[in-house]
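Here is the structure we will look at, set down as structure tokens.
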Amino acid sequence: MTAIDVRGVSVRRGDATVLHDVTVQVESGVVCALIGMNGSGKTTLFDTLADRTRPIGGEVRILDDTPARARRRAALGYVPQSERIDWDFPVSVREVVAMGRQRGGRWTNRLSAADHAAVDEAIARVGLLGLEDRQIGMLSGGQRKRAFVARGLAQEAEVLLLDEPFAGVDLPSEMALRQVIGDAAASGVTVLVSTHDVHGLADWCDAAVILRAGRIVTSGPVASAITPEHLARAFGWEGDA
Numbered sequence: 001m002t003a004i005d006v007r008g009v010s011v012r013r014g015d016a017t018v019l020h021d022v023t024v025q026v027e028s029g030v031v032c033a034l035i036g037m038n039g040s041g042k043t044t045l046f047d048t049l050a051d052r053t054r055p056i057g058g059e060v061r062i063l064d065d066t067p068a069r070a071r072r073r074a075a076l077g078y079v080p081q082s083e084r085i086d087w088d089f090p091v092s093v094r095e096v097v098a099m100g101r102q103r104g105g106r107w108t109n110r111l112s113a114a115d116h117a118a119v120d121e122a123i124a125r126v127g128l129l130g131l132e133d134r135q136i137g138m139l140s141g142g143q144r145k146r147a148f149v150a151r152g153l154a155q156e157a158e159v160l161l162l163d164e165p166f167a168g169v170d171l172p173s174e175m176a177l178r179q180v181i182g183d184a185a186a187s188g189v190t191v192l193v194s195t196h197d198v199h200g201l202a203d204w205c206d207a208a209v210i211l212r213a214g215r216i217v218t219s220g221p222v223a224s225a226i227t228p229e230h231l232a233r234a235f236g237w238e239g240d241a
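Heads up: the sequence shown begins at 1 in full-length UniProt numbering, then just goes up one per residue.
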């Protein structure tokens, strides 16, 4: 089944068109890397998939549904690159993760036993056991990223969008997040994750999409997508995977 289906999508920001006739499909249960330079359109594509930005042309389907409906039924989870949060606000790791149990755009403090179990499992999966009662601002940068990924896992979404989850994290946190991503895909979750690191993608990704200046350079299995020719077109340099 195709989990993410983007057909001929164009997006405008102000007077500039930042996505141009983008077409890409991601199958269910795979990890797909989204690759491109800063300003290539990665975050705009995420915003479009997550129904935060409306395209001026084309169509987006998430699990054969609109992004808005997919989000309302909690089938789509989105972890943005920059969380807008007051790190001094007295909210714990557990409370942040519990936000993933929000349904239908409404939040309630009344969590069911199943909600609590999902929160506990998500915290354990990202390796934050023992830190769940700590104020979120007291965590390291990598731990904060893991907490927000745990929020997405607690949602039990079928499609998970992760925008630059490795940015600013140390190597142990990156490796822990990669393991979490792989485990999620093994359980049937489709994961689209943006990253700048193209080396070793075959170790943890099934597919890749490369963007440059709002246009698709290539998409497909990692072995065929991550080639010196495609990387040279995307980044302007010769590289290898």
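Glycine is no exception: its CB is placed at the ideal position from the N, C-alpha and C atoms.
All values derive from a computational prediction rather than experimental measurement.
Hey, E132 and V180: beta-carbon distance below 8 Å or not? The residue labelled residue 132 in the question sits at position 132 within the sequence shown. The residue labelled residue 180 in the question sits at position 180 within the sequence shown. For the pair E132 and V180, the CB atoms are not nearer than the 8 Å cut-off.
Among L111, V97, E158, which has the Cα closest to the Cα of Q135? Sequence index remark: in the sequence shown, residue 135 carries index 135 (1-based). Out of L111, V97, E158, V97 has the C-alpha closest to the C-alpha of Q135.
Please give me, in chain order, every unbroken run of the beta strand (DSSP E) with length at least 3 that falls completely inside the region 28-91. Listed in chain order, they are 31-35, 57-62, 76-79.
What number of angstroms, rounded off, separates the C-alpha of W87 from the C-alpha of V126? The sequence position of residue 87 within the sequence shown is 87, counting from 1. The sequence position of residue 126 within the sequence shown is 126, counting from 1. Each residue's Cα considered, the two are about 20 Å apart.
Spatial neighbours of G152 within its chain, please: C-beta separation below 7 Å, excluding the five flanking residues on both sides. On the sequence shown, residue 152 is found 152 positions in, with the first residue counted as 1. Closer than 7 Å at Cβ, skipping near neighbours: G77, V79, G100, L160.
Between the Cα of G137 and the Cα atoms of A150, P90, A122, which residue gives the shortest distance? Looking up residue 137 in the sequence shown gives position 137. Cα-wise, what sits closest to G137 is P90.
Which two residues bound the contiguous alpha helix (DSSP H) that contains P172? Taking the sequence shown and counting its residues from 1, one reaches residue 172 at position 172. For P172, the uninterrupted alpha helix (DSSP H) run begins and ends at 171-186, by DSSP.
Should D183 be labelled buried (16 or more other beta-carbon atoms within 10 Å of its own) or exposed? Within the sequence shown, numbered from 1, the residue matching residue 183 stands at position 183. Classification of D183: exposed, given that the 10 Å Cβ count is below 16.
With a 10 Å radius around its C-beta and 16 neighbouring C-beta atoms as the bar for buried, classify D170 as buried or exposed. Taking the first residue of the sequence shown as 1, we reach residue 170 at position 170. Classified as exposed, D170 has fewer than 16 neighbouring CB atoms from the shown chains inside 10 Å of its CB.
Rounded straight-line distance, which links the Cα of C32 to that of G57: Numbered from its first residue, the sequence shown carries residue 57 at position 57. Numbered from its first residue, the sequence shown carries residue 32 at position 32. Approximately 24 Å between the Cα atoms of the pair.
Rounded straight-line distance, which links the Cα of S112 to that of H196: Position 196 of the sequence shown, counted from the start, is the residue given in the question as residue 196. Position 112 of the sequence shown, counted from the start, is the residue given in the question as residue 112. In this model, H196 and S112 are separated by some 39 Å (Cα to Cα).
Return the chain-ordered list of same chain residues with a C-beta closer than 7 Å to the C-beta of P67, the five sequence neighbours on each side being excluded. For the purposes of this step, residue 67 is taken as the residue at position 67 of the sequence shown. These residues qualify, in order along the chain: L49, A50, D51, V60, L76.
Take the Cβ of P172 as the centre, count every other Cβ of all protein chains shown within 10 Å, and call the residue buried at 16 or more, exposed below. On the sequence shown, residue 172 is found 172 positions in, with the first residue counted as 1. Exposed is the call here.
Return the chain-ordered list of same chain residues with a C-beta closer than 6 Å to the C-beta of E238, the five sequence neighbours on each side being excluded. By one-based count along the sequence shown, residue 238 stands at place 238. Residue confidence for E238 is low, a pLDDT of 49 falling below 50, so the modelled location carries little weight; the figure read from the coordinates is stated next. Within the same chain, E238 has close Cβ partners P228, A232.
Nearest neighbour of F235, chosen from I216, A223, P221, G220 [CA to CA]: On the sequence shown, position 235 is the one that residue 235 refers to. Here the closest residue by C-alpha is I216.
Minimum C-alpha distance to G29 - residue among A213, T2, V209, H199: Indexing the sequence shown from 1 puts residue 29 at position 29. The candidate whose alpha carbon is nearest that of G29 is T2.
How many angstroms separate the CA atom of E27 from the CA atom of R73? Your numbering for residue 27 matches position 27 in the sequence shown. Your numbering for residue 73 matches position 73 in the sequence shown. Roughly 20 Å between the two C-alpha positions.
Can you say whether G214 is buried or exposed, counting buried as having 16 or more other CB atoms within 10 angstroms of its CB? Along the sequence shown, read from residue 1 onward, the residue named residue 214 stands at position 214. Taking every protein chain shown into account, the CB of G214 has 16 or more other CB atoms within 10 angstroms, so this residue is buried.
With 16 other Cβ atoms within 10 Å as the buried cut-off, status of G130: As a working mapping, residue 130 is identified with position 130 in the sequence shown. Exposed, since its Cβ has fewer than 16 Cβ neighbours within 10 Å.
Residue range of the unbroken beta strand (DSSP E) whose run includes G152: Your numbering for residue 152 matches position 152 in the sequence shown. Boundaries around G152 are those of the alpha helix (DSSP H), 141-154, since no beta strand (DSSP E) includes it.
Exposed unless 16 or more other CB atoms sit within 10 angstroms - verdict on A117: Residue 117 sits at position 117 when you count from the first residue of the sequence shown. Classification for A117: exposed.
Check S219 in the structure and name its three-state DSSP category. Start at 1 with the first residue of the sequence shown, and residue 219 comes out as number 219. In the three-state reduction of the DSSP assignment, S219 falls in the strand class.
Starting from I210 and walking both ways along the beta strand (DSSP E), at which residues does that stretch end? Position 210 of the sequence shown, counted from the first residue, corresponds to residue 210. In the DSSP assignment, I210 falls within the unbroken beta strand (DSSP E) covering 207-212.
Note down the Cα distance separating R69 from L45, rounded to an integer number of angstroms. Along the sequence shown, one-based indexing puts residue 69 at 69. Along the sequence shown, one-based indexing puts residue 45 at 45. Annotation: R69 to L45 spans about 18 Å, alpha carbon to alpha carbon.
Would you kindly work out how many angstroms separate the C-alpha atoms of S224 and F166, rounded to a whole number? In the sequence shown, the residue the question calls residue 224 occupies position 224. In the sequence shown, the residue the question calls residue 166 occupies position 166. Rounded to whole angstroms, S224 to F166 spans 24 Å at the Cα level.
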